[in-house]
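Here the structure is laid out as structure tokens; the discussion comes afterwards.
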Amino acid sequence: MTDHIHLIDPALCRLWPGNPRAARTLTDAGCAELIDSLRSQGRQEMPAIVRPLPAGDTHRYEIICGARRHHAVTHLRATGMDIGFVIEPRDLTDEAAFRLADLENRTRTDISDYDRACAYAAALGAHYDGVQAQMAVRMEVSTAWLSRYLRLARLPQEVVAAFADPGDIRERHARQIGQLLADPDAAPAVLAAAVAIADGDAVLSAP
Numbered sequence: 004m005t006d007h008i009h010l011i012d013p014a015l016c017r018l019w020p021g022n023p024r025a026a027r028t029l030t031d032a033g034c035a036e037l038i039d040s041l042r043s044q045g046r047q048e049m050p051a052i053v054r055p056l057p058a059g060d061t062h063r064y065e066i067i068c069g070a071r072r073h074h075a076v077t078h079l080r081a082t083g084m085d086i087g088f089v090i091e092p093r094d095l096t097d098e099a100a101f102r103l104a105d106l107e108n109r110t111r112t113d114i115s116d117y118d119r120a121c122a123y124a125a126a127l128g129a130h131y132d133g134v135q136a137q138m139a140v141r142m143e144v145s146t147a148w149l150s151r152y153l154r155l156a157r158l159p160q161e162v163v164a165a166f167a168d169p170g171d172i173r174e175r176h177a178r179q180i181g182q183l184l185a186d187p188d189a190a191p192a193v194l195a196a197a198v199a200i201a202d203g204d205a206v207l208s209a210p
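If you want our numbering, it's the position in the sequence shown, counting the first as 1, plus 3.
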């Protein structure tokens, strides 16, 4: 290992709360392809990006990029494989951690539009004082692009609960449903229908 790359026990790390990857997706089934790849290679090729945690914390590092790698290595160790977790520690502010995680994950298809949107909405308040234009500049995206995701994150919980899995909700659904919710005559019926679906035996699953 080089001076800035280390091999450690994955139990020393915990996930950064701002990561857009929902915990429900970090399963053996969801990471099966990566688990098989690491098992066949015998090692982790790409280091996870972590940052040191304050002394006294129950863990030593916080994972900024590499949640799936962490899960896969943890699984393989639990099954008896002698494999370590490869990390690259960096000193990062919360805002820098957000941008780094977003750059790594922006094109990942295994992160849903809804989970990504919720991470953006949380970051808007936490790092950019609610100023969308400032956030777009820092992310190097257009305000229109960012607006579409923030609109998705702001869908009423009644609508979100009508889907079998929040991960099914796409950005295009927010546009379509948002238009109906913006109509004061249609909005009550939309919300009532969503509640009825969520309370029934079946829930809405997006195509």
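Backbone N, C-alpha and C fix where the C-beta goes; we use that ideal spot for every residue, glycine too.
The structure displayed is predicted, hence computed values, not measured ones.
Per-residue burial, residue i [other beta carbons within 10 Å of its own, 16 or more giving buried]
i: ALA51; result: buried
i: SER43; result: exposed
i: SER115; result: buried
i: ARG119; result: buried
i: HIS3; result: This structure does not reach residue 3, given that the chain is present from 4 up to 210, and the question cannot be answered.
i: PRO20; result: exposed
i: GLU65; result: buried
i: ARG27; result: exposed
i: ARG178; result: exposed
i: ASP47; result: Correcting the residue type first, residue 47 is Gln in the shown sequence and not Asp. Its Cβ being crowded by 16 or more others within 10 Å, GLN47 is buried.
i: ALA104; result: buried
Rounded separation between residue i and residue j - CA only
i: THR96; j: ALA201; result: 39 Å
i: ASP85; j: ALA75; result: 13 Å
i: PRO187; j: ALA197; result: 16 Å
i: ASP184; j: ALA126; result: Checking the sequence, you will find Leu at residue 184 rather than Asp. Roughly 25 Å between the two C-alpha positions.
i: GLY45; j: ARG72; result: 13 Å
i: ALA35; j: LEU41; result: 10 Å
i: THR61; j: VAL53; result: 15 Å
i: ASP117; j: PRO159; result: For the record, residue 117 in the displayed sequence is Tyr; it is not Asp. Looking at the two C-alpha atoms, the distance is approximately 12 Å.
i: ILE90; j: ILE11; result: 8 Å
i: HIS78; j: CYS16; result: 14 Å
Own chain partners of residue i with C-beta closer than 7 Å, once the 5 adjacent residues on each side are dropped
i: ALA70; result: LEU18, ASN22, ARG24 and LEU29
Other residues of its chain near residue i: CB distance less than 6 Å, five sequence neighbours each side excluded
i: LEU194; result: GLU161
i: LEU37; result: ARG71 and ALA75
Sequence-distant residues of the same chain with beta carbon closer than 8 Å to residue i, five excluded per side
i: ARG145; result: The sequence shown places Ser at residue 145, rather than the Arg named in the question. Excluding positions up to five away in sequence, the list reads ALA139.
i: GLN135; result: LEU127, THR146, LEU149, SER150 and LEU153
i: VAL163; result: TYR117, PRO169 and ILE172
Bridge-paired residues (DSSP) for residue i
i: CYS16; result: TYR64
i: LEU10; result: VAL89
Open item on the list: Please give the ranges of any alpha helix (DSSP H) in the segment 37–87, keeping only runs that are unbroken, at least 4 residues long and fully inside the region.
Closed with: 70–81
Open item on the list: At 3 residues or longer, what runs of the beta strand (DSSP E) sit wholly inside the segment 111–189?
Closed with: none
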